[in-house]
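A.B. asks:
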Amino acid sequence: MTAALLLLAAATTPDLAFDAYAKCASSAAAAYKGPSDSLEAVAGRVDTTCAAERTALLEIAPDKRQAAEWVRQTGILAVSQHVPGLPSVGSEAAGEQTAAASTQPAASRYPKLEAYQSCTDERAAKIVAELPYAATQAIVTEAVADCEKPLKEAAAEAVADMKQPSLLKQVLMDFRRRATSDLTQKISAQRTGGRAAE
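Our numbering puts the first residue of the sequence shown at 93, with every later residue one more than the last.
Now the structure itself:
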């Protein structure tokens, strides 16, 4: 491998590691078991399921403290986003990440993230209404692109809360990826339900 390629790999691998952990945390948090589940249990599953991704990120990140804060914050966001309103029972604590998740729900802590999610939902709904037969990917791409301003505000809000402004790029990538994934799932589910009702 040439020196240029080595430098390129070194520059991109931390970003890939950040994204891999974010995807894992989101997926693990989304697999909650219903109303009987608790925030502690869900956060514990994120912690356990994503141990390999977390270790890989912490090993490769140039700033370990910054990466550890990203891991903590991403876990909180994933749990709060995917399982809002779950009870905190205090019997299955999984460390600092769990405690933060149970005491800091995203609904009150990240209003700009909520505004971004609302923007993408509203834009997608409008596009679907105007172009009901458009491809799901095209709808999602346009809706996400139309909400870049609130996306940047939401990312700035999150990194300010983390006190890690240099994580802005990773937060932008994560929020954009989450919105793309969530919208794709919602539109697909709506269309599947509509066809089933016909």
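We treat Cβ as the ideally placed atom computed from N, Cα and C, and that holds for glycine.
None of these values were measured; they are calculated from a predicted model.
What would DSSP say about LEU149, mapped onto helix, strand or coil?
C.D. replies: The DSSP-derived three-state label of LEU149 is helix.
A.B. asks: Which residues in the same chain have their Cβ closer than 8 Å to the Cβ of ALA112, if we skip the five residues on either side of it in sequence?
C.D. replies: GLU145, ALA148, LEU149
A.B. asks: Any idea if TYR202 is buried or exposed, counting beta-carbon neighbours within 10 angstroms, 16 or more meaning buried?
C.D. replies: buried
A.B. asks: How would you label ASP274, buried or exposed, when you count the other beta carbons within 10 angstroms and need 16 or more for buried?
C.D. replies: Buried.
A.B. asks: Under a three-way DSSP split, which group does ALA123 fall into?
C.D. replies: In the three-state scheme derived from DSSP, where H, G and I count as helix and E and B as strand, ALA123 is classed as coil.
A.B. asks: Please determine, among ASP155, PRO257, CYS239, PRO127, the residue with the shortest C-alpha to C-alpha distance to ALA74.
C.D. replies: With the chain represented from 93 up to 290, any question about residue 74 goes unanswered, as that position is not in the structure.
A.B. asks: Short of 7 Å in beta carbon distance, which residues of its chain neighbour PHE58, apart from the five on each side in sequence? Order them along the chain.
C.D. replies: Residue numbering for the chain in the displayed model covers 93 to 290; residue 58 lies beyond these limits and cannot be assessed.
A.B. asks: In terms of residue numbering, what span does the alpha helix (DSSP H) encompassing CYS339 cover?
C.D. replies: Past the boundaries of the shown model lies residue 339; the chain is included only from 93 to 290, so the question cannot be answered.
A.B. asks: Taking only the alpha-carbon atoms, compute the straight-line gap between GLN303 and SER280 and give it to the nearest angstrom.
C.D. replies: It is not possible to answer for residue 303, since the shown part of the chain is limited to 93 through 290.
A.B. asks: Determine, using beta carbons only, whether GLN165 and ALA248 come nearer to each other than 8 Å.
C.D. replies: Going by C-beta atoms, GLN165 is not nearer than 8 Å to ALA248.
A.B. asks: How is CYS239 classed by DSSP in three states: helix, strand or coil?
C.D. replies: coil
A.B. asks: For PRO314, collect the residues of the same chain with a Cβ closer than 6 Å to its Cβ; drop the 5 residues on either side in sequence, then sort them by chain order.
C.D. replies: This structure does not reach residue 314, given that the chain is present from 93 up to 290, and the question cannot be answered.
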